Amino acid sequence: MKSKVSVIVFLIVVGFVHQSTGYRGAVFQPTYQASNYPSSNYPGALRDPFEVICRWKTLSFRDPPRAPQDKLAGNDYYIEKSNVPTGFSRHGPTKRIFVTIPRRNPGISSSVNFVYEDECRNGSPQLRPYPDYATNELEPNLEADIGRIISVYRPTVDVCHRLWFVDTGILEYPPGNKTVIQNPSLWIFDLRFNRVIRRYTIPDRLYGVEGVGLISLTVDTNPYNCDDAHAYMPNLELKNLLVYSLRRNDIWAVSHPFMQPDVNNMNYELDGLKFGFPDGIFSVALTPGSQDRLAYFHPLASLQEFSVPTHVLKDKSLSPDRYAPGDFKDLGVRGVKAQSAIHDIDQRGILYYTEIQTNSIKCWNTRTPLKAENVGTVYENAETMVYPNDLEIDPEGDIWAMSNRFPIFIYRGLDPTDYNFHIVRGRRDLVGLNTVCLPAGDPDAIIFGP
Ligand SMILES: *[C@@H]1O[C@H](CO)[C@@H](O)[C@H](O)[C@H]1NC(C)=O
């Protein structure tokens with residue numbers, strides 16, 4: 030998307046959705062008005078465009094129904110050091126930030142949770158379960174129960190006020206021991222009424238023996254028609270991409286060699302720790318618009334970025350691998366040590382990605398060839414961005430990211446007296462300015478200005 034017009038159209042569309050879906054639960058209040066931002070010649074404009082919105086030393090829960098030492102399925106109900114957030118997504122109109130904790134350790138009281146953004150101002154808020162504790166509680170003997178949420182990595186809120194996430198259906202503890210409780214499932218909640226609107230069990234033929242590997246999802250919603258929505262769900266273990274159509278209530282898998290990890294780039298170093306994650310396809314980012322979008326994707330173990338048109342992904346008849354030469358494109362290499370977890374693309378076509386070895390968020394303008402010289406650093410911080418594991422751009426254009434020090438947690442243990450988990454926001458009129466992604470004089474640099 031290249032023009033100011035497209036952004037204006039987008040904003041009108043979002044406004045339309047708010048009205049047409051009868052959204053009355055809360056008045057839509059953008060967190061920032063464009064006029065509240067300092068203009069680019071304001072002295073503050075050279076400040077760090079990112080600020081910490083929420084941070085925690087450890088996670089705890091608000092008004093839990095059980096004591097921490099209560100035994101549930103053979104473990105304590107709550108074990109402080111087990112609770113490491115892996116994903117987040119924000120619902121702007123109600124200022125809720127959803128925070129998810131996969132059950133990779135015992136003692137996680139609730140996997141899907143939220144905090145109110147305003148609560149973060151006064152310290153580190155306790156998590157509130159979503160939709161409630163009962164839905165997030167394990168059965169006493171780990172019986173299967175499709176009414177319960179077992180383990181969720183990363184949620185996504187879409188433009189139609191819906192929360193989407195994949196429950197893997199498995200416990201991953203102790204390390205190396207995976208307990209399949211039930212098939213993975215896709216959940217969709219209506220955030221206006223906090224009700225489940227769809228729970229879809231992912232069939233065995235698509236996930237092999239266990240739901241492990243379903244660690245993110247990207248939702249492709251037509252803002253003119255909320256029923257016209259697809260979820261793209263990478264599986265880093267099976268190295269394929271699941272596509273779910275909301276309207277057809279159907280699912281299929283997409284396979285391509287570009288989804289495989291690059292064995293030459295599966296080793297990482299962070300804070301003196303050396304580790305290997307041989308993960309395949311990890312995240313999908315969509316170009317702006319509602320039709321004919323491109324899906325950009327990468328494996329975690331990779332320096333490359335790839336693309337495929339969404340109309341190809343949405344065509345079930347091509348599944349799993351009847352694709353034409355050229356449907357899938359190799360876009361280039363981001364640079365050295367440039368392995369990335371999650372990425373997203375803004376309305377100007379600038380792609381932002383979390384770079385896991387460098388405590389940073391990088392940018393690349395998708396109108397330029399992908400190579401190291403065209404990649405810029407928009408945020409780098411050895412305290413607040415240690416292992417940036419999730420990222421999203423909100424409908425107003427601000428960039429949000431979460432870091433969780435995950436490799437340090439696994440291999441060394443976290444220091445509970447230090448702030449270990451951060452959610453930061455980068456302001457849309459400041460992020461990327463004067464980088465190669467948005468050089469001085471680029472008309473897009475003032476797109477959100479007053
Ligand atoms: C694996 O996890 C299950 C469920 O928590 C538990 O019953 C079992 O003892 C564990 N196995 C090992 C080897 O720890």
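Note that our numbering has the sequence shown beginning at 30, numbered continuously upward.
The C-beta atom is built at its ideal place from N, Cα and C for all residues, glycine as well.
All of these numbers come straight from a predicted model, not from anything done at the bench.
Quick one: Cα of residue i to Cα of residue j, how far?
i	j	result
residue 192	residue 156	17 Å
residue 58	residue 221	For residue 58, the predicted model reports a pLDDT of 30, less than 50, meaning its position is unreliable; a value from the coordinates is still stated below. So the two alpha carbons sit approximately 15 Å from each other.
residue 66	residue 229	With a pLDDT of 38 at residue 66, under the threshold of 50, the modelled position of that residue is not reliable, and the figure given next carries that caveat. Cα to Cα, residue 66 sits roughly 42 Å from residue 229.
residue 139	residue 472	46 Å
residue 171	residue 279	28 Å
residue 465	residue 423	22 Å
residue 362	residue 391	13 Å
residue 163	residue 358	45 Å
residue 470	residue 462	10 Å
residue 333	residue 399	9 Å
residue 167	residue 100	11 Å
residue 344	residue 326	18 Å
residue 207	residue 218	27 Å
residue 377	residue 317	8 Å
residue 152	residue 286	46 Å
residue 135	residue 231	25 Å
residue 434	residue 93	26 Å
residue 356	residue 288	14 Å
residue 165	residue 188	25 Å
residue 373	residue 411	22 Å
residue 290	residue 310	7 Å
residue 226	residue 425	26 Å
residue 353	residue 256	28 Å
residue 380	residue 394	6 Å
residue 131	residue 150	26 Å
residue 503	residue 125	Limits of the chain in this structure are 30 at one end and 479 at the other, which puts residue 503 out of reach.
residue 418	residue 431	6 Å
residue 97	residue 109	9 Å
Tell me which same chain residues have a C-beta within less than 8 Å of the C-beta of residue i, skipping the five on either side of it?
i	result
residue 320	251
residue 342	259, 261, 270, 272, 283, 324
residue 322	249, 315, 316, 338, 339
residue 336	323, 324, 325, 326, 357, 358, 360
Would the C-beta of residue i count as close to ligand 1, meaning under 6 Å from any of its heavy atoms?
i	result
residue 254	no
residue 203	yes
residue 185	no
residue 316	no
residue 208	yes
Need the endpoints of the alpha helix (DSSP H) that residue i sits in, please.
i	result
residue 340	339–342
residue 394	Taken as a continuous stretch (DSSP letters only), residue 394 belongs to no alpha helix (DSSP H), being part of the beta strand (DSSP E) at 389–394.
residue 234	233–236
residue 163	162–165
residue 261	Where residue 261 is concerned, there is no enclosing alpha helix (DSSP H), although the beta strand (DSSP E) it sits in stretches over 254–264.
residue 437	435–440
With respect to the beta strand (DSSP E) encompassing residue i, which residues constitute its N-terminal and C-terminal limits?
i	result
residue 23	The chain is shown only over 30 to 479; residue 23 falls outside these bounds and no answer can be derived.
residue 452	450–455
residue 202	Note, residue 202: premise wrong, no beta strand (DSSP E); not H, not E.
residue 79	79–85
residue 306	From DSSP, residue 306 is part of no beta strand (DSSP E); its letter is neither H nor E.
residue 324	323–328
residue 214	214–219
residue 121	It is not in any beta strand (DSSP E) - residue 121 carries neither H nor E in the DSSP assignment.
Cutting at 7 Å between CB atoms, please list the residues of its own chain near residue i, excluding the five before and the five after it.
i	result
residue 295	305, 306, 307, 330
residue 528	The structure shown does not extend to residue 528, since the chain is modelled only from 30 through 479, so no value can be given for it.
residue 80	453, 454
residue 367	332, 384
Who are the Cβ neighbours of residue i in its own chain at under 6 Å, not counting the five residues just before and after it?
i	result
residue 460	78, 407, 428
residue 160	223
residue 174	168
residue 91	155, 157
residue 243	195, 197, 213, 262, 264
residue 70	Because residue 70 sits at a pLDDT of 39, beneath the cut-off of 50, its placement in the model cannot be relied upon, and the following sentence gives the value as read from the coordinates. Excluding residues within five positions, none has a Cβ falling inside 6 Å.
Kindly say whether residue i, judged by its beta-carbon, lies nearer than 7 Å to any beta-carbon of chain B.
i	result
residue 297	Considering every chain present, this structure includes no chain B. It has just one protein chain.
Does the count of Cβ pairs from the region 424–444 and the region 99–108 closer than 8 Å reach three? Segments in contact, no.
Between the region 300–312 and the region 339–353, are three or more C-beta pairs nearer than 8 Å? Between the region 300–312 and the region 339–353 there are fewer than three C-beta pairs closer than 8 Å, too few to call the two in contact.
Quick one: any contact between the region 260–268 and the region 242–250, if contact means 3 or more CB pairs under 8 Å? Taking a cut-off of 8 Å on C-beta distances, the region 260–268 touches the region 242–250, as three or more cross pairs fall below it.
Do the region 83–94 and the region 446–459 touch if we need at least three Cβ pairs shorter than 8 Å? Because the criterion of three Cβ pairs below 8 Å is met, the region 83–94 and the region 446–459 touch.
If you pair each beta-carbon of the region 145–155 with each one of the region 119–131, do three or more pairs fall below 8 Å? Two segments are said to touch when three or more pairs of C-beta atoms, one from each, lie closer than 8 Å; by this definition the region 145–155 touches the region 119–131.
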